[in-house]
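Have a look at the structure below, then the notes.
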């Protein structure tokens with residue numbers, strides 16, 4: 223399942239302007255690994271810088287988060303959970319002895335919107351020092367009421383991955399295979415796991431450039447792919 227290819231002008235885009243963008247970018251401090259420009263669902267310009275190439279699976283870092291939140295969208299549409307479910311309800315064996323009202327009230331939506339209420343962001347500390355990310359995440363103090371204060375929190379996305387695994391019995395990468403990767407023709411995806419055997423969620427997914435473009439296109443099409451509604455339009459609109 224590769225994306226259709228067209229020329230910039232055929233899709234109403236100026237090739238001169240693409241050229242000038244790339245020239246300016248090449249003089250900046252930003253290093254490009256690949257570039258793909260879609261218009262009307264068609265690839266109108268693409269290129270890779272050595273040693274990267276079209277067949278190469280690239281680590282997506284935080285774009286991985288968009289795939290994890292998409293998995294939550296599938297789970298919601300399948301009735302496996304709701305965004306208002308309490309995070310602690312999924313991990314009865316990992317709860318601290320004294321649960322604060324803030325922790326008890328923490329929802330999946332708070333994880334999705336990164337308004338957990340923890341401060342500072344615990345990600346690096348947990349990723350480097352913890353043997354049980356779920357337990358240690360839940361043990362951290364929540365200083366602001368969940369849902370009230372945004373703070374970038376990559377471990378919040380890891381917790382979404384852990385919830386998917388808890389609810390479905392599958393790693394998020396496997397849960398997405400028949401639901402997202404299959405229909406979009408994305409092959410060979412792999413995703414780092416932590417030492418509990420859970421996909422890292424907030425980072426660590428490896429895909430090709432075109433695969434990342436396909437996710438963007440799916441969202442642009444309000445969850446429709448090849449005439450089929452993969453994800454509810456309402457979910458896409460709320461997520462974006």
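Numbering (this note's numbering), first residue to last: 223 to 462. Cβ atoms here follow ideal geometry from the backbone N, Cα and C, with glycine treated the same way.
Three-state class that DSSP yields for residue i in the structure shown
{"i": "residue 271", "result": "coil"}
{"i": "residue 329", "result": "strand"}
{"i": "residue 239", "result": "helix"}
{"i": "residue 421", "result": "strand"}
{"i": "residue 336", "result": "coil"}
{"i": "residue 249", "result": "coil"}
{"i": "residue 387", "result": "helix"}
{"i": "residue 321", "result": "coil"}
{"i": "residue 412", "result": "strand"}
Whether residue i touches residue j by CB criterion (8 Å)
{"i": "residue 317", "j": "residue 360", "result": "yes"}
{"i": "residue 433", "j": "residue 458", "result": "no"}
{"i": "residue 463", "j": "residue 420", "result": "Limits of the chain in this structure are 223 at one end and 462 at the other, which puts residue 463 out of reach."}
{"i": "residue 280", "j": "residue 428", "result": "yes"}
{"i": "residue 358", "j": "residue 417", "result": "no"}
{"i": "residue 424", "j": "residue 376", "result": "yes"}
{"i": "residue 436", "j": "residue 406", "result": "yes"}
Exposure label - residue i; buried when at least 16 CB within 10 Å
{"i": "residue 403", "result": "buried"}
{"i": "residue 269", "result": "exposed"}
{"i": "residue 378", "result": "buried"}
{"i": "residue 344", "result": "buried"}
C-beta neighbour in chain D for residue i, strict 8 Å
{"i": "residue 405", "result": "In summary, chain D is missing from the structure at hand, where a single protein chain is found."}
Assumed close pair residue i, residue j - CB separation to whole angstroms, cut-off 8 Å
{"i": "residue 292", "j": "residue 308", "result": "Not a contact, Cβ separation roughly 22 Å."}
Per the contact definition of three or more C-beta pairs closer than 8 Å, is the segment 432-449 in contact with the segment 251-263?
Three or more pairs of CB atoms, one per stretch, sit closer than 8 Å, so the segment 251-263 contacts the segment 432-449.
Does the pairing of the segment 283-293 with the segment 363-370 give three or more beta-carbon distances under 8 Å?
no
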